[in-house]
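In this note's numbering, the protein residues as written are 4 to 121.
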């Protein structure tokens, strides 16, 4: 008698990270401060960062932060990361705003080397 068995093992993929909340557009005056917030669920081991696109030169993109680490040597910028249950809150604060701070700021999840969630 020959017995044949087939064992299947399904590995459950971890939940994919999603941006669950993000700050609305904000308009501030020179000298004021602003805090932008981005809530991410299921962030896992993915990297979250902030990028700024210059409104007048849309090809000019600057990385502001990767995770909790600032990528700009600017004391007016601060990144805070807080955890609430399964949600990570990424906050970018810019104090004493100057003209060159104007632009589109995006919270991004780096999924792999070529793809991101914004």
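All C-beta atoms, glycine included, are put in the ideal place defined by N, C-alpha and C.
Proximal residues to residue i (C-beta, below 7 Å), its chain only, five neighbours per side dropped
i          : result
residue 35 : 100
residue 69 : 50 and 52
residue 57 : 63 and 106
residue 79 : 97, 98 and 99
The beta strand (DSSP E) enclosing residue i, as first and last residue numbers
i          : result
residue 65 : 64 to 69
residue 29 : Where residue 29 is concerned, there is no enclosing beta strand (DSSP E), given that its DSSP letter is neither H nor E.
One or two residues paired with residue i in a DSSP bridge
i          : result
residue 87 : 90
residue 42 : 24 and 92
residue 19 : For residue 19, which the question treats as bridged, DSSP gives no partner whatsoever.
residue 81 : 96
residue 56 : 64 and 107
residue 37 : 97
Alpha-carbon to alpha-carbon, residue j and residue i
i           : j          : result
residue 39  : residue 18 : 25 Å
residue 83  : residue 93 : 6 Å
residue 30  : residue 76 : 24 Å
residue 46  : residue 86 : 11 Å
residue 91  : residue 71 : 11 Å
residue 102 : residue 44 : 33 Å
residue 33  : residue 65 : 20 Å
residue 74  : residue 67 : 5 Å
residue 104 : residue 28 : 14 Å
residue 54  : residue 42 : 15 Å
Own chain partners of residue i with C-beta closer than 6 Å, once the 5 adjacent residues on each side are dropped
i          : result
residue 96 : 38 and 81
residue 89 : 44
Residue i: CB within 7 Å of a non-hydrogen atom of the ligand SAH
i          : result
residue 40 : Absent from the structure shown: the ligand SAH. Ligands present: none.
Sequence-distant residues of its chain with Cβ nearer than 8 Å to residue i (five each side left out)
i          : result
residue 26 : 38, 39, 40 and 41
For the pair the region 15 to 31 and the region 102 to 114, tell me if three or more CB-CB distances fall below 8 Å. yes
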